[in-house]
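Notes follow the structure.
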Amino acid sequence: MRQIVLDTETTGLDPQSGHRVIEIGCVEVENRRLTGNNLHLYINPQRDIDEGALEVHGITTEFLADKPTFDQIAKEFMDFVRGAELVIHNAPFDVGFLDHELKRLGRQWGTVADACGVLDTLKLARDLHPGQKNSLDALCRRYDVDNGHRELHGALLDAEILADVYLAMTGGQTRLSLGAEGADDGAGVAEAIRRLAVDRPRLAVVRADQGDAERHRAKLAAIADKNGQRTLWEELEG
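Under the working numbering, the sequence shown has 6 at position 1, and the numbering climbs by one with no breaks.
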């Protein structure tokens with residue numbers, strides 16, 4: 006299964022008011038493994054950036070002046086995501102902006118939903134943790150995902166963090182706390198998320214030798230003698 010964890014940065018909050026996409030970050034996940042095949046694009050919006058948005062992501066109009074416009078990156082972006090499931094936190098926001106950009110180019114690209122499935126991790130988090138804070142920062146605290154290096158929002162950085170959070174949220178039990186969670190705290194023991202190199206060496210398989218097998222049988226015999234009955238392992242071995 007191919008998934009693309011996606012995030013965008015924009016000039017403001019509402020595409021219907023003329024705001025544009027200025028950054029796209031895509032992190033590829035196949036069969037729940039990060040592949041390292043990511044896509045990162047900066048885009049010239051051909052308009053000014055709202056002061057409030059600038060405070061969030063720090064991307065200036067001057068920085069984007071020599072970057073390609075959306076029509077110049079549309080094919081690269083759509084070719085990369087086509088056929089995948091997009092994993093997005095607060096998906097209506099990002100998909101709304103992307104659909105608006107595609108619509109500006111005419112009918113040739115359709116909508117995001119025409120090319121991809123979409124999974125909203127904000128909705129997923131609200132289903133898993135009703136009544137709690139479910140922002141990306143809150144989920145990082147809840148699932149012990151390190152985001153200490155995140156001073157400003159960035160599309161690729163946020164997509165990488167969201168990928169770790171999503172894999173933690175959907176990977177089974179991660180919390181060991183026996184008490185009920187508070188409405189707003191993300192405290193408790195959780196599995197640490199560790200990014201492993203895609204090209205790491207395969208783990209060695211060490212098989213038991215004859216001596217190991219004999220010691221194992223002796224241990225089972227001692228347990229059976231103490232309990233007055235055969236162990237389950239012996240029963241299964243027949």
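Backbone N, C-alpha and C fix where the C-beta goes; we use that ideal spot for every residue, glycine too.
Measure the CB-CB distance between residue i and residue j and report whether it falls below 7 angstroms.
i, j, result
"E90", "L124", "yes"
"A168", "E14", "no"
"T74", "N95", "no"
"V26", "F98", "no"
"A164", "L18", "no"
"Y148", "V92", "no"
"I9", "V86", "yes"
"T236", "A229", "yes"
"K80", "Y47", "no"
Rounding to the nearest angstrom, what Cα-Cα distance links residue i and residue j in this structure?
i, j, result
"C145", "G88", "28 angstroms"
"T116", "L162", "25 angstroms"
"V34", "G41", "8 angstroms"
"E106", "Q21", "11 angstroms"
"G23", "R109", "11 angstroms"
"D55", "V211", "59 angstroms"
"R131", "L208", "37 angstroms"
"G153", "L141", "13 angstroms"
"W238", "G176", "29 angstroms"
"R7", "T16", "30 angstroms"
"A58", "V100", "18 angstroms"
"Q51", "P135", "40 angstroms"
"H158", "E28", "11 angstroms"
"K138", "M174", "14 angstroms"
"L225", "K231", "10 angstroms"
"D104", "L241", "58 angstroms"
"Q113", "P206", "44 angstroms"
"D214", "R220", "10 angstroms"
"D190", "A143", "With a pLDDT of 41 at D190, under the threshold of 50, the predicted position of this residue should be treated as unreliable, and no value is reported."
"F68", "G111", "28 angstroms"
"G233", "N36", "47 angstroms"
DSSP beta-bridge partners for residue i?
i, result
"T116", "Paired residue(s): none; T116 is not in a bridge."
"V86", "Beta-bridge pairing links V86 to no other residue."
"D125", "I93"
"R7", "E35"
"L3", "Because the chain here runs from 6 to 243, residue 3 falls outside it and cannot be looked at."
Measure how close the beta-carbons of residue i and residue j come, nearest whole angstrom, since I'm counting them as under 8 angstroms.
i, j, result
"N43", "V32", "5 angstroms"
"T66", "D53", "6 angstroms"
"H45", "G63", "In fact, because the Cβ distance is near 16 angstroms, the residues do not count as touching under 8 angstroms."
"A118", "M83", "Actually they do not touch by this definition, with Cβ atoms about 13 angstroms apart."
Can you determine whether any heavy atom of the ligand ATP sits closer than 6 angstroms to the C-beta of residue i, and answer yes or no?
i, result
"L162", "Looking at this structure, you won't find the ligand ATP or any other ligand, since it has none at all."
For a cutoff of 7 angstroms on Cβ pairs, would you count residue i as touching chain D?
i, result
"R25", "The structure shown contains no chain D, having only a single protein chain."
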